[in-house]
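Numbers -5 to 305, taken from the numbering used here, label the letters of the sequence shown in order. Each residue gets a CB set at the ideal place from its N, CA and C atoms; glycine is no exception.
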Amino acid sequence: MSVEEVKQVAERISSMEIRGAGKIARSAAGALKSYAVASKETTGAKYLEGLSKAGEILICARPSAVSLPNAVRYILYRVEGSGDRKASALRKATINAAEDFIENSVKAVERIGILGSKRIEEGDTIMTHCNSSAALSVIKTAWRDGKEIKVIASEARPRYQGQITVRELAKEGIPTSLIVDSSVRAVMKGVDKVVVGADSIAANGAVINKIGTSQIALCAQEARVLFFVAAETYKFHPETCLGEIVEIEKRDSSEVASPEEFPGVDILNLAFDVTPPEYIDLIVTEKGIVPPQAAIMVIKEEFGWAVGGKW
Ligand code: RUB
-5 MSVEEVKQVA ERISSMEIRG AGKIARSAAG ALKSYAVASK ETTGAKYLEG
45 LSKAGEILIC ARPSAVSLPN AVRYILYRVE GSGDRKASAL RKATINAAED
95 FIENSVKAVE RIGILGSKRI EEGDTIMTHC NSSAALSVIK TAWRDGKEIK
145 VIASEARPRY QGQITVRELA KEGIPTSLIV DSSVRAVMKG VDKVVVGADS
195 IAANGAVINK IGTSQIALCA QEARVLFFVA AETYKFHPET CLGEIVEIEK
245 RDSSEVASPE EFPGVDILNL AFDVTPPEYI DLIVTEKGIV PPQAAIMVIK
295 EEFGWAVGGK W
């Protein structure tokens, strides 16, 4: 894959043809692997220059999911730290690191399903929002374990990822209802648990996820409904330890309504929002279930205090 082709993968991420924080991360890793396979650079220095340029292009594709820069840095850090400086050795190191990332990521989602499903009980009605592989892994694992559960999924306007979710759940045979985003509070009294995914988790335990998530958390707290987040450890945001704020992606207004039909109106299309840690009961990671207050520990464990050091 040439730099031009890496740009095409970045474009597919920007346009949301490839979407969901985990899939974005795996496709970026896959693109770097393909770059390594196709590279004709003969010197190590030139190869590394091209690889890091490809990584930058991918990182810029979407701003809120830290899984994307974390995946790229995971690979670059390992390649840069691999002893042999020959281009061929660096290419091999890239391929190995990318394959490791993808394999670990897939396993992490499975493991989250196993751990998170222990917190799902027979007869539970679970609400979910948007389309999260990690959240659905929890729900599907509980169902496959024989727990009779029901799911309520909100639409997630404006891109309607909730429709992907209900199709996936219905295919599995799970009794599923689709609701409009504005009916969350009206139905919350019949819900036992909320399970959502994450694009980024800050050092203070705040979770950045699809717009509408924080409203659901607020309604869940009011109704004393447990609120769970399912997220791989590469969704934790190391730079938030250094005071960096997670950028909330603002997408094109045409996704919400046609600007031509509403002249003079500012149509705001925020793709994500921030749920404060006080509204979150648990974060299910592949390495264990933690309260949001332990986010800083996860970051320390996964990335080291020296941000940019380990990954
Ligand atoms: C997707 C979204 C998902 C998280 C987690 O937003 O908010 O809840 O990315 O997903 P978008 P996963 O559709 O805008 O990418 O668990 O699959 O990583």
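Rounded distance between the beta-carbons of residue j and residue i, thought under 8 Å
i, j, result
"Leu62", "Ile53", "6 Å"
"Arg56", "Ile108", "Arg56 to Ile108, Cβ: 29 Å. No contact."
"Phe266", "Glu243", "6 Å"
"Ile274", "Phe221", "6 Å"
"Val145", "Ile133", "6 Å"
"Ala102", "Val73", "That pair is no contact at about 21 Å."
"Val223", "Ser194", "Not really, about 11 Å apart at Cβ, beyond 8 Å."
"Val189", "Glu149", "That pair is no contact at about 17 Å."
"Gly38", "Lys80", "6 Å"
"Ala128", "Ile96", "That belief does not hold up - the Cβ atoms of Ala128 and Ile96 are roughly 15 Å apart, past 8 Å."
"Ala15", "Gly191", "7 Å"
Member of the options whose CA lies at the smallest distance from the CA of residue i
i, options, result
"Ile69", "Arg56, Gly77, Ala81, Asp94", "Asp94"
"Ser126", "Ala30, Glu104, Glu115", "Glu104"
"Ser176", "Gln209, Lys204, Pro169", "Gln209"
"Ala48", "Asp186, Ile133, Glu5", "Glu5"
"Thr227", "Val178, Ala91, Val201, Gln2", "Val201"
"Val160", "Leu172, Pro152, Ala150, Arg151", "Leu172"
"Arg113", "Asp139, Pro270, Arg245", "Asp139"
"Gly298", "Leu236, Arg245, Gly77, Arg20", "Leu236"
"Gly117", "Trp137, Ser131, Arg218", "Trp137"
"Val185", "Ser111, Val174, Thr122, Ala289", "Thr122"
"Arg151", "Thr207, Leu212, Ala30", "Thr207"
"Ala180", "Gly167, Ala196, Leu212", "Leu212"
"Ala217", "Glu43, Lys187, Tyr154", "Lys187"
"Glu280", "Leu42, Val178, Ala87, Ser111", "Ser111"
"Gln155", "Gly258, Ile205, Ala289", "Ile205"
"Val60", "Ile283, Arg245, Glu(-2), Thr234", "Thr234"
Strand pairing of residue i, partner residues [DSSP]
i, result
"Asp267", "Asn203"
"Val223", "Val190, Ile277"
"Phe230", "Ile195"
"Ser148", "Ile173"
"Val284", "Ile277"
"Gly120", "The sequence shown places Ile at residue 120, not Gly. Answer by DSSP bridge pairing, in chain order: Val145, Lys187."
"Lys244", "Leu264"
Proximity test, residue i beta-carbon vs the ligand HEM heavy atom, cut-off 7 Å
i, result
"Tyr228", "In the structure on display, the ligand HEM does not appear, and the ligands it does have are the ligand RUB."
Contact with chain C by residue i, beta-carbon distance below 8 Å
i, result
"Thr269", "Absence of chain C from the displayed structure is noted, only one protein chain being present."
Just checking, does the segment 21 to 31 make contact with the segment 65 to 83 on the three C-beta pairs under 8 Å criterion?
Counting C-beta pairs with one atom in each stretch, the segment 21 to 31 and the segment 65 to 83 have three or more that are closer than 8 Å, which means they touch.
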